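This report refers to the structure that appears directly beneath it.
2 protein chains.
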Amino acid sequence: MPVGTQGTVKAVSQDVLESLGAEIILGNTYHLYLRPGHDPIRRMGGLHRFISWPHAILTDSGGFQVFSLNALRQVSDEGVRFRSHLDGSSHFFTPEHSMDVQIALGADIAMAFDECTEYPADRNRAEESLRLTMAWARRSLGHFRAHCPDVPWSTEMPGRAQSLFAIVQGGMYADLRRQCAGRLVEMDFDGYAIGGLSVGEPREATLEMIAAVLPLLPPAKPRYVMGVGYPDEIEQYARMGVDMMDCVLPTRAARHGLLFTSEGRMNIKNKRYAEDPSPPDPDCACPVCRRYSRAYLRHLVQAGEPLSAALNTIHNLAYYLGIMERVRTQLQAGDPRLASAPAPSWQTS
Amino acid sequence: MPVGTQGTVKAVSQDVLESLGAEIILGNTYHLYLRPGHDPIRRMGGLHRFISWPHAILTDSGGFQVFSLNALRQVSDEGVRFRSHLDGSSHFFTPEHSMDVQIALGADIAMAFDECTEYPADRNRAEESLRLTMAWARRSLGHFRAHCPDVPWSTEMPGRAQSLFAIVQGGMYADLRRQCAGRLVEMDFDGYAIGGLSVGEPREATLEMIAAVLPLLPPAKPRYVMGVGYPDEIEQYARMGVDMMDCVLPTRAARHGLLFTSEGRMNIKNKRYAEDPSPPDPDCACPVCRRYSRAYLRHLVQAGEPLSAALNTIHNLAYYLGIMERVRTQLQAGDPRLASAPAPSWQTS
Chain C
-6 MPVGTQGTVK
4 AVSQDVLESL
14 GAEIILGNTY
24 HLYLRPGHDP
34 IRRMGGLHRF
44 ISWPHAILTD
54 SGGFQVFSLN
64 ALRQVSDEGV
74 RFRSHLDGSS
84 HFFTPEHSMD
94 VQIALGADIA
104 MAFDECTEYP
114 ADRNRAEESL
124 RLTMAWARRS
134 LGHFRAHCPD
144 VPWSTEMPGR
154 AQSLFAIVQG
164 GMYADLRRQC
174 AGRLVEMDFD
184 GYAIGGLSVG
194 EPREATLEMI
204 AAVLPLLPPA
214 KPRYVMGVGY
224 PDEIEQYARM
234 GVDMMDCVLP
244 TRAARHGLLF
254 TSEGRMNIKN
264 KRYAEDPSPP
274 DPDCACPVCR
284 RYSRAYLRHL
294 VQAGEPLSAA
304 LNTIHNLAYY
314 LGIMERVRTQ
324 LQAGDPRLAS
334 APAPSWQTS
Chain D
-6 MPVGTQGTVK
4 AVSQDVLESL
14 GAEIILGNTY
24 HLYLRPGHDP
34 IRRMGGLHRF
44 ISWPHAILTD
54 SGGFQVFSLN
64 ALRQVSDEGV
74 RFRSHLDGSS
84 HFFTPEHSMD
94 VQIALGADIA
104 MAFDECTEYP
114 ADRNRAEESL
124 RLTMAWARRS
134 LGHFRAHCPD
144 VPWSTEMPGR
154 AQSLFAIVQG
164 GMYADLRRQC
174 AGRLVEMDFD
184 GYAIGGLSVG
194 EPREATLEMI
204 AAVLPLLPPA
214 KPRYVMGVGY
224 PDEIEQYARM
234 GVDMMDCVLP
244 TRAARHGLLF
254 TSEGRMNIKN
264 KRYAEDPSPP
274 DPDCACPVCR
284 RYSRAYLRHL
294 VQAGEPLSAA
304 LNTIHNLAYY
314 LGIMERVRTQ
324 LQAGDPRLAS
334 APAPSWQTS
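The listed protein sequences correspond, in order, to chains C and D. Residue numbering for the first sequence follows this note's numbering, beginning at -6 and increasing consecutively. Residue numbering for the second sequence follows this note's numbering, beginning at -6 and increasing consecutively.
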C-alpha cells in the first residue's frame, strides 16, 4: 500500500496511482486529524471523496505518530495526551476518539488504537504496553461497532461497511506476541495487523515475530504487517502468507534520489550517471523507465527540480507494486518455487 | 509556450504536457549551459533526446538571465562577463558563444544574443543598448549560418534544420523599436521576436511597442513576443497578430497557489475554499478540474504537499493553452469578433 500521509501519496497524482495499478492507499489519521481535520473531511463526504480516490483506503490509528512524533506524550489507561507537531496545541486521543476520527474519515479499513512499543523495550515494559494495547483494542471494537454506521457515505453506499483491524503488539517477545494474537482473535476483528516492527530491531527479530504470529491469525481474514519494508523483505513476507504491507520507503527514498531496481539500489545522484543514456532499470516497463534516462533523472535531482521526486516515486512504486503482482501471480498459480523456497534462518537455527 | 527553464516545465512531466496539447516548450540557455552543461547535452544527442521531448523546443539566447541574474556583469562590444548564480564562477558570453551553446542544445529555434534593455532606460541608454543588440544580431547570424550544421541531430534528421530568430529591442521608444525591426528584417532571420517587454513598464507601453513593431515584421514568418503575460494580455496580443509567446506566469503563479480561471484569478490558499467541493474552474475540462475540488487543492497547499504545485500547474497550463486554442480556432474561421474587437486604448488616445 503506497502511503498517502496527508491525503496524497507524496508527489504523484491519483491518476498516476491508478495507472500504476495501486488498489489501496494508506492515510494517516494523526496528520488528517490535525490538518485539515476529520470534521471538515466528514462534512465533505469522507476521505475518498475529499481526495478523489474511489478505490480502497486504510487509515492507521494515529497511535504510531502520537508516539513517534511526540517526545512529551502522557500515556494513561484512558488514552494519550500529546502536542501537535504543527502548532504545539494539546490533544487527547482515546481509543473511542480514534474510532470517531476514523469513522469520520470513512476509510474502508480502520485500525484499533494501540500503543506502539518502542525498541528496545524490556519485558516489563513490553508486558505493560501489551496490556494497554489489548484493553484499547477491546474499547476500540466496542465503540466502532456502536458507531460505524455513522460513516459519511453510509446512505450513499448502503451495502458497504467499514472494517476494523486489530494490531498485535508485544515487543520482541514471541510469547507475548502469541498471547496478544490469541486474545485479539477471540475478540473477532475483520482483519489483523502485526505492529511495532521495523522500529530499529534487527531483521531477524522482525522475521521471528512475524513467523510467531502469522500461524495464529485466521487465514480467511487479511493479515497485515505494518511499516515494512525493503523489496526483498516484502517479497519474503508475502511468500510467508502476509496479505498486506505498507511502507514509506519507496516514496521517501525516491525523494532522496534512491531508486529500487532489478539490479539493486541505485543512488541516482551519483556522478557516474551524468551522461548515462540507459533507463533507470532496463528490466522495468514503468512510464519513467520507458521514457527517461538515468542522466536526465540525475539532472533533475542536481537541479532541485520538483519533477525529480515525481519521476523517482513513480518508478519506485511501480517496482514495489510489480513485486507484489509477481508474487500474487505465482501464489495463484501454485508456483512450486513457493513451496521450495529456502526456510528462513530463524527456522533452521 | 510553457517555460522549461532547466529542461523541465516545473512540476509536470512530459507525458502531462503532451496530454495538455503543448506543442513547443522553452529551455533557458543560461541555466542549461551552467547545469548540466551544453557539452554533456550535445554528447547525449541534444536537448530533445536528453529531456525526452520529441516535439518543438525553443532556447532563448541567455541574454535575459545574464542581465537579470547578474548585478555585477561587465558588458563590452565583444560580449558579457558574468558570474554563475550557482557557484560564483566567471563566464564570458559572446554572440558566437551563445550560438555555439544553442547549436549544441539543438533546439528547433535558437535566439540571437541580445542585450535586454532594462526599464526605465533613458534614450541614450536605449540607443546604446540597441546598437549593441544589432551588432550582436549580425554576429549571431553569421556564426549561426556557419555552424548550424553541427546540430547534434544533423545526421539523424537530414531534412530538418535549426532556425534562428532575431530579437527587437529599443526600450520604450517606438522609433528605436521600428529602426531595430527594419534593420533586423533586412538581415533576413527565420523569425522575429520582440524582447525587453514585461520588465516593469506599464501595460500601455508594452502594447504600444508591440503595435509599433508588428507591422514591420514579415507576416509569413513567426512573430514572437517574449515574456508575456496575463491571460487577457496573451489573448489580446494573439488577436493583434502575435504568433508565439512565452511566460513563467502560469507555472510560477501555480506554485504560489494562484490559479487562472474563467471567473478570474483565484488564490486557492484562501480560507473560503476550505470546504468548497466545486472544481477550481467549473468551465474547465482539464484533468484537475475534472477530478479535484477547491477544498483538496487548498489542503495540498496548506500541507506543503508537492502535488499542490503539480496540480495547480496543470490547470494553469491547460487554461493558457485553451485560450490560444480558442483564438486559433476563431482566427482560422475568420471569426467576425476578431475584426470587431475594440481598439486598444493606445490607438484611441
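From the three backbone atoms N, C-alpha and C, an ideal C-beta is built for every residue, glycine too. Since the structure is predicted, the reported quantities are computational estimates derived from the model, not experimental observations.
Contact belief for residue i with residue j at Cβ below 8 Å, rounded distance in angstroms
i	j	result
Gln(-1) of chain D	Ala205 of chain C	Actually they do not touch by this definition, with Cβ atoms about 52 Å apart.
Val345 of chain C	Thr244 of chain C	The question about residue 345 of chain C has no answer here: the residues shown for chain C are numbered -6 through 342.
Asp231 of chain C	Val320 of chain C	Per the sequence shown, residue 231 of chain C should be read as Ala rather than Asp. Right, the Cβ-Cβ distance comes to about 5 Å (below 8 Å), so this counts as a contact.
Gly222 of chain C	Leu242 of chain C	7 Å
Gly250 of chain D	Lys262 of chain D	4 Å
Tyr266 of chain C	Ala288 of chain C	6 Å
Leu252 of chain D	Leu13 of chain D	Actually they do not touch by this definition, with Cβ atoms about 15 Å apart.
Gln58 of chain C	Ile96 of chain C	Between Ile96 of chain C and Gln58 of chain C the Cβ distance is about 18 Å, and since that is not below 8 Å, they are no contact.
Tyr343 of chain C	Gly193 of chain C	Since the first and last residues shown for chain C are -6 and 342, residue 343 of chain C lies out of range.
His41 of chain C	Gly99 of chain C	7 Å
Gly164 of chain D	Thr110 of chain D	5 Å
Thr126 of chain D	Asp107 of chain D	5 Å
Ile316 of chain C	Ile227 of chain C	6 Å
Ala114 of chain C	Asp70 of chain C	About 18 Å; that fails the 8 Å criterion.
Ile17 of chain D	Val2 of chain D	The pair is not a contact, with the Cβ atoms about 11 Å apart (cut-off 8 Å).
Three-way DSSP call (helix, strand, coil) for residue i in this model
i	result
Met259 of chain D	strand
Gln7 of chain C	helix
Phe253 of chain D	strand
Gln(-1) of chain D	coil
Pro337 of chain C	Confidence at Pro337 of chain C is low in this model, with a pLDDT of 41, below 50, so its placement is unreliable and the value that follows should be read with caution. Pro337 of chain C falls in the coil class under three-state DSSP.
His48 of chain D	coil
Phe158 of chain D	strand
Gly20 of chain D	strand
Met(-6) of chain C	coil
Ser83 of chain D	strand
Tyr312 of chain C	helix
Ala349 of chain D	No information on residue 349 of chain D is available, as it lies outside the stretch -6 to 342 that chain D covers here.
Glu111 of chain C	coil
Val346 of chain D	Residue 346 of chain D lies beyond the range of chain D shown here (-6 to 342); nothing can be said about it.
Val144 of chain C	coil
Cys279 of chain D	coil
Gly55 of chain C	coil
Asp225 of chain C	helix
Arg153 of chain C	coil
Gly135 of chain C	helix
Leu207 of chain D	helix
Arg284 of chain D	helix
Val320 of chain C	helix
Arg232 of chain D	helix
Leu290 of chain D	helix
Gly39 of chain D	coil
Ser342 of chain C	Confidence in Ser342 of chain C is poor, its pLDDT being 32 and thus under 50, which makes the residue's placement unreliable; the coordinate value appears in the next sentence. Residue state, collapsed to three classes: coil.
Ser61 of chain C	helix
Closer than 8 Å: residue i CB and nearest the ligand SAH heavy atom
i	result
Thr22 of chain D	Here there are no bound small molecules, and the ligand SAH is not part of this structure.
Beta-bridge pairing of residue i - partner residues as DSSP gives them
i	result
Gln67 of chain D	D:Arg74
Arg216 of chain C	C:Tyr185
Met238 of chain D	D:Val218
Met165 of chain D	In DSSP, Met165 of chain D forms no bridge with anything.
Met104 of chain C	C:Phe158
May I ask you to list, following chain order, the residues of the region 11 to 31 of chain C that have a beta carbon less than 7 Å from some beta carbon of chain D?
Arg28, Pro29
Do the region 301 to 310 of chain D and the region 271 to 279 of chain D meet, that is, are 3 or more Cβ pairs less than 8 Å apart?
yes
With 8 Å as the C-beta to C-beta threshold (strictly closer), list the residues of the region 44 to 58 of chain D near chain C in chain order.
Ile44, Ser45
Going along the region 245 to 258 of chain D in order, which residues come within less than 9 Å of chain C, judged by CB to CB distance?
Arg248
Please confirm if the region 265 to 272 of chain C is in contact with the region 80 to 87 of chain C, defined as three or more CB-CB distances below 8 Å between the two stretches.
no
Kindly confirm or deny that the region 41 to 59 of chain C and the region 8 to 23 of chain C touch, where touching means at least three C-beta pairs closer than 8 Å.
yes
Cβ pair count under 8 Å reaching 3, the region 197 to 215 of chain D against the region 172 to 179 of chain D:
yes
Proximal residues, the region 149 to 161 of chain D versus chain C, C-beta separation under 7 Å
none
What are the residues of the region 74 to 90 of chain D that lie near chain C, defined by any Cβ-Cβ distance shorter than 8 Å?
none
Touching or not, the region 95 to 105 of chain D and the region 132 to 149 of chain D, by the rule of three or more beta carbon pairs under 8 Å?
yes
Along the region 265 to 284 of chain C, what residues have a CB closer than 8 Å to any CB found in chain D?
Ala267, Glu268, Pro270, Pro280, Arg284
Residues within the region 292 to 312 of chain C neighbouring chain D, beta-carbon criterion of under 8 Å
His292, Leu293, Gln295, Ala296, Glu298, Pro299, Leu300, Ala302, Ala303, Leu304
Residues in the region 32 to 43 of chain D having any Cβ partner in chain C nearer than 7 Å
Pro33, Arg36, Met37, Phe43
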